[in-house]
Amino acid sequence: MTRHFLRDDDLTPAEQAEVLALAARMKADRYGFKPLAGPRSVAVLFDKHSTRTRVSFTAGIAELGGNPLVLDAGSSQLGRGESIADTARVLERICAAIVWRTFGQERIEEMAGASSVPVVNALTDQFHPCQILADLQTIQEAKGKLAGVTLAYFGDGANNMAHSYLLGGATAGMHVRIAAPEGHLPDRGVWHRAEEIAKTTGGSVEVTTDARQAAAGADVLATDTWVSMGQAEVDQAVYVPYALTAELVALARQDVSVLHCLPAYRDKEIAASVLDGPHSLVWDEAENRLHAQKALLTWLLER
Ligand code: CP
Ligand code: NVA
Numbered sequence: 038m039t040r041h042f043l044r045d046d047d048l049t050p051a052e053q054a055e056v057l058a059l060a061a062r063m064k065a066d067r068y069g070f071k072p073l074a075g076p077r078s079v080a081v082l083f084d085k086h087s088t089r090t091r092v093s094f095t096a097g098i099a100e101l102g103g104n105p106l107v108l109d110a111g112s113s114q115l116g117r118g119e120s121i122a123d124t125a126r127v128l129e130r131i132c133a134a135i136v137w138r139t140f141g142q143e144r145i146e147e148m149a150g151a152s153s154v155p156v157v158n159a160l161t162d163q164f165h166p167c168q169i170l171a172d173l174q175t176i177q178e179a180k181g182k183l184a185g186v187t188l189a190y191f192g193d194g195a196n197n198m199a200h201s202y203l204l205g206g207a208t209a210g211m212h213v214r215i216a217a218p219e220g221h222l223p224d225r226g227v228w229h230r231a232e233e234i235a236k237t238t239g240g241s242v243e244v245t246t247d248a249r250q251a252a253a254g255a256d257v258l259a260t261d262t263w264v265s266m267g268q269a270e271v272d273q274a275v276y277v278p279y280a281l282t283a284e285l286v287a288l289a290r291q292d293v294s295v296l297h298c299l300p301a302y303r304d305k306e307i308a309a310s311v312l313d314g315p316h317s318l319v320w321d322e323a324e325n326r327l328h329a330q331k332a333l334l335t336w337l338l339e340r
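According to the numbering used here, the sequence shown is numbered sequentially starting from 38.
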């Protein structure tokens, strides 16, 4: 059966660990894996802007010996109204996998439903699971483990990053804390699904409006933009108490690591001194997109 990666809990805990172990091996031997040699093509579609995702998938597919085909909404027929199902039917005839950054999760689910080749979520409004794989790889490198590590996320608790930290972190057996203002708390369904997963992995989930409480004793602090792509303008004042500042860093463990998926807005959701400071791992995190996605594609295609 074709496996897709549309949300973080599409991988079981054991499968997630397998992908992350492969990502570490691929990082250590960057050009040593050629499962797409032939070369097989992978379609990489963008309905939204991207720098890291575009570059890491393009470079990664090429490094695996494959041929990346990058299409933008503005230059493909999908962007002119060709149906998702018809697009899937064409791409599956030519490509080994389809990677897509789009808006609603239902769009990528429709693509997967019509595709006999793996479909990978390169960010939707609801989830950013490839980013979380890279984040988990980064945390594993810094802390030597994932299970039992406490990660606190601050800001928009209802966006793709918050939802993916909940599902991906719980899958890894982490203690995930989300600190967000009322009205911007995680989707109930995702929150409860994360709680269910955490029960089986020894992790936990905590959602709070108290940023200081979330930061206290945490191993990892993370944040994201207050206004996601495609989102209507919001009153950013509600997020100010959730800015990742030096004060929050001081409440966390002394060896705390700081993550941000980027792009970052300095002195908005994160203080410049924190983003550019000694606890920040954001450049490793960005690089790990490459390794984690190469591992994911290999895992999906080689099973
Ligand atoms: N973090 C991330 O997905 O970056 P891009 O939007 O640049 O791809
Ligand atoms: N939440 C952000 C993540 C960008 C990588 C967005 O969707 O714009």
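Note that the Cβ used here is the ideal one computed from N, Cα and C, for glycine as well.
Residue state for serine 93 is assigned as helix, using DSSP reduced to three classes. Out of Gly75, Thr161 and Ala99, the CA that lies nearest to the CA of methionine 266 is found in Thr161. The criterion of a C-beta distance shorter than 8 angstroms is satisfied by glycine 75 and glycine 102. Residue burial annotation: glycine 111 is exposed, with fewer than 16 other C-beta atoms found within 10 angstroms of its C-beta. Ranked by how close their Cα comes to the Cα of lysine 182, the residues Val257, His316 and Ala283 have Val257 in first place. Separation of glycine 116 and leucine 288 (C-alpha to C-alpha, rounded to the nearest whole angstrom) is 47 angstroms.
When the beta-carbon positions are compared, phenylalanine 94 and valine 136 come within less than 8 angstroms of each other. Sorting His328, Glu339 and Leu338 by C-alpha distance to the C-alpha of alanine 58 places His328 at the top. Closest in alpha carbon position to serine 87, among Thr139, Tyr190, Ala209 and Ser317, is Thr139. A straight-line Cα-Cα distance of about 34 angstroms links glutamate 100 and threonine 238. Contact between arginine 89 and leucine 318 is absent: CB atoms are separated by about 14 angstroms, not below the 8 angstroms threshold. Segment contact: the region 64 to 80 against the region 245 to 264, fewer than three CB-CB distances shorter than 8 angstroms; contact not assigned. Taking 7 angstroms as the cut-off, one finds no heavy atom of the ligand NVA near enough to the beta carbon of aspartate 123. Per the DSSP secondary-structure output, asparagine 158 pairs in a beta bridge with Trp137. In this structure aspartate 84 is buried. Its beta-carbon is surrounded by 16 or more other beta-carbon atoms within 10 angstroms. For arginine 62, the enclosing alpha helix (DSSP H) has its first and last residue at 50 to 65. In the DSSP assignment, tyrosine 190 forms a beta bridge with Ile215 and Ala259. With a threshold of 16 other beta carbon atoms within 10 Å, isoleucine 131 falls short and is exposed.
With fewer than 16 other Cβ atoms from the protein chains shown falling within 10 Å of its own Cβ, proline 315 counts as exposed.
The alpha helix (DSSP H) runs lying completely inside the region 296 to 324 and spanning 4 residues or more are 309 to 312, given in chain order. The Cβ atoms of threonine 246 and alanine 217 sit closer than 8 angstroms to each other. Not one heavy atom of the ligand CP sits closer than 7 angstroms to the Cβ of glutamine 268.
In the DSSP assignment, aspartate 172 falls within the alpha helix (DSSP H) that extends over 166 to 180. Taking 7 angstroms as the cut-off, the C-beta of leucine 204 does not count as close to any heavy atom of the ligand NVA. Each residue's CA atom was taken as its position, placing serine 201 and arginine 290 some 23 angstroms apart.
As the crow flies, the alpha-carbon of arginine 249 is around 23 angstroms from that of histidine 229. Within the same chain, Glu55, Val56 and Leu59 come within 7 angstroms of tryptophan 336 by CB-CB distance, once the 5 residues on both sides are set aside.
Alanine 189 places its beta carbon less than 8 angstroms from that of alanine 252. Per DSSP, reduced to three states, the secondary structure at aspartate 109 is strand.
Around the Cβ of threonine 39, a 10 Å sphere holds fewer than 16 other Cβ atoms; the residue is exposed. Distances from the alpha-carbon of aspartate 321 to those of Gln177, Met148 and Leu128 put Gln177 closest. In the displayed model, leucine 82 falls within a strand according to three-state DSSP.
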